[in-house]
Amino acid sequence: MRIGLLFFFILQYFLVDAQVLLVEFKDDKTNEPIPNVSCQAEYFVDEIKIVKTNISSPKGILLFQFTGIETNPGLLIYEHPIYVSGQRRIILNAATDTTVLRIFLKAQRVQEVKEVILKPNRPDTIFASKTYSVGDFELGEQGQLYLLTYEKNLQHDAQLQCRLQDSTVFMAQIPQRANGLLRDFRGNIHVQTDNTMYGVRQIDGTLQLGAIPKDYYYKYIAPVVDTSLTRQFYSSYMEIYPAFEYGCLDLLDSTYKSILHIQDDLMMELYRSEYKWVDVRTKLWAKNLEHQTGIDAEIYVGANVFTQSIYYEPVYAPLFLVHDTLFIFDYPKDLLRVYNLHGDLLKSIPLYHHYRAKQSGFQKNLQQDRKTGLIYALFEQDGYSYVGRINLANGTIEHKVRLAFRYVEKVRIYNDAIYFIYRPFESTQKKFLYKQKLPSLAN
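Going by my numbering, the residue at position 283 of the sequence shown is 967; the numbering climbs one at a time, nothing skipped.
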């Protein structure tokens, strides 16, 4: 009897007159969801004003649950730093337990970014050859120019050249299929191949090409993002997982400290949901691995299946060390987080220059000028590439400099100059390396 009464009271609790308001925010031009919209719902219960607040998710969705509303409608007030604020009346549909309200927001001009076009807009040619095309390049700290060149096919006949003051001081054939150049935290240049990393090292005053196992490189070298005098700043980033962590290692006492956990919530939700839709054989395979390793089966399916779909985008949140300050661009949370060298948070600055990427051409490609410490964002519109300097005090783009040619490749910024690879369309010319000087802009 008591169990029956308990069940009756529980059932009555869930049958209380409750309604859910689902609000979805979208851009009125692109129809893209708008995250981080601040909302305030106001309504009355027993003539007492009730206020609830919430923030839209990466899908642009938020939920409000109402119970015992006596006054209908209420009021929904919403605002976003780069969209026009407003308010809507809350009119709940009594015929259903969920009312959907879709709101299209109009972007407002927060900042006019001045475009700078150099005149005369003709870059300098840094490397040109009738024999070799430039596949990739990096710039050394002492003025060296490292070139990954090839005659016909980068993956079959690649060479690594090191040039200093317009003369070649080193050249070696890459014995495996070359994919590109990578720079480690010490500034050393490595050639990435399918199985091995090749680096240039100096022995007895001469440069030689040395091999490093690829597993060793990605386990012990690649995770280190940057270093200060006594600390190393590392990342647990993996391209096949939509979350990672930044931390620091104190070289004096060998202590680790976690700095920030980065996660793309929307991508993580889709990543884990992939498990629901795969076939039984794949689920059994993932469950067996879960029993062996303790890692969720959803993660195995996400890493092997969802990452191969067109919907997956690796999380992007780069870290830069500028003098004695760390800057982490936490794009999933729309924040520029500023830390000291001890890993203590100093402040968080709102970021919005990555919004409306289809219109602005924002690319997930931030670069630091290692000579000046300045940080730049890359944009692309109508085939032209633009470089915009980021103001680290407020997170805005100060100027956009347009590159001289359309459809350039491998943009690098060093010592107030933009380096890039270019070959004219439908031309027999090899791919040359060019340099375009950045204009002198006020700080």
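Just so you know, even glycine gets a beta-carbon here, dropped at the ideal spot from N, CA and C.
These figures come from a predicted structure and were not determined experimentally.
Output the distance between the C-alpha atoms of residue i and residue j, rounded to the nearest integer angstrom.
i            : j            : result
residue 1097 : residue 781  : 55 Å
residue 716  : residue 1040 : 8 Å
residue 989  : residue 809  : 44 Å
residue 1031 : residue 1023 : 7 Å
residue 900  : residue 906  : 9 Å
residue 788  : residue 709  : 6 Å
residue 937  : residue 920  : 21 Å
residue 722  : residue 764  : 6 Å
residue 833  : residue 1048 : 26 Å
residue 929  : residue 1027 : 13 Å
residue 965  : residue 1100 : 55 Å
residue 983  : residue 934  : 31 Å
residue 842  : residue 836  : 9 Å
residue 1010 : residue 1025 : 7 Å
residue 719  : residue 857  : 49 Å
residue 1075 : residue 1124 : 15 Å
residue 1161 : residue 971  : This structure leaves residue 1161 out entirely; the chain is present only between 685 and 1127.
residue 948  : residue 1111 : 42 Å
residue 917  : residue 962  : 38 Å
residue 704  : residue 768  : 25 Å
residue 1018 : residue 1094 : 27 Å
residue 733  : residue 766  : 29 Å
residue 714  : residue 996  : 20 Å
With distances taken from CA atoms, which of the options is nearest residue i?
i            : options                   : result
residue 865  : 1020, 858 and 874         : 874
residue 855  : 1065, 816 and 947         : 816
residue 1109 : 1122, 1091 and 1117       : 1091
residue 872  : 909, 851, 968 and 730     : 909
residue 1117 : 1107, 714 and 1124        : 1107
residue 727  : 766, 774, 707 and 983     : 774
residue 885  : 895, 877 and 879          : 895
residue 1089 : 1102, 1083, 1077 and 1079 : 1102
residue 790  : 712, 836 and 852          : 712
residue 994  : 963, 1010, 954 and 1013   : 954
residue 1020 : 992, 991, 1050 and 996    : 1050
residue 725  : 1124, 918, 970 and 785    : 785
residue 893  : 903, 904 and 880          : 880
residue 987  : 705, 851, 927 and 1087    : 927
residue 914  : 962, 932, 1104 and 903    : 932
residue 807  : 1111, 1104 and 992        : 1104
residue 751  : 830, 776, 766 and 877     : 776
residue 1067 : 1034, 1087, 766 and 1052  : 1087
residue 706  : 749, 731 and 729          : 749
residue 867  : 890, 962, 925 and 820     : 820
residue 897  : 877, 890 and 916          : 877
residue 1079 : 882, 1035, 976 and 704    : 1035
For residue i, collect the residues of the same chain with a Cβ closer than 8 Å to its Cβ; drop the 5 residues on either side in sequence, then sort them by chain order.
i            : result
residue 839  : 861, 862 and 863
residue 771  : 759, 760, 761 and 762
residue 1065 : 1044 and 1045
residue 974  : 980, 981 and 984
residue 792  : 766, 767 and 768
residue 1115 : 817, 818, 819, 1093, 1105, 1106 and 1107
Please list, in chain order, all residues of the same chain as residue i whose beta carbon is under 6 Å from its beta carbon, the five residues on each side excluded.
i            : result
residue 950  : 742 and 743
residue 911  : 869
residue 1037 : 1081
residue 828  : 846 and 848
residue 1121 : 1101
residue 852  : 845
residue 1052 : 1004 and 1059
residue 783  : 705, 776 and 777
residue 991  : 924
Any idea which residues DSSP pairs residue i with across the strands?
i            : result
residue 843  : 833 and 857
residue 952  : Beta-bridge pairing links residue 952 to no other residue.
residue 1031 : 1022
residue 708  : 745 and 786
residue 763  : 722
residue 728  : 733
residue 1046 : 1063
residue 1096 : 1103
residue 1119 : 808 and 1103
residue 941  : 932
Return the chain-ordered list of same chain residues with a C-beta closer than 7 Å to the C-beta of residue i, the five sequence neighbours on each side being excluded.
i            : result
residue 923  : 998
residue 1113 : 1107
residue 1001 : 946, 1012, 1013, 1014, 1015 and 1016
residue 825  : 871
residue 925  : 987
Counting pairs of Cβ atoms below 8 Å between the stretch 738-751 and the stretch 1041-1061, do you hit three or more? no
Measuring CB atoms only, is the stretch 953-972 touching the stretch 930-945, in the sense that at least three cross pairs come out at less than 8 Å? no
If contact is defined by three or more beta carbon pairs under 8 Å, each pair taking one atom from either stretch, is the stretch 723-741 in contact with the stretch 813-832? no
Taking one C-beta from the stretch 1053-1064 and one from the stretch 1006-1024 each time, how about it: are there three or more such pairs within less than 8 Å? yes
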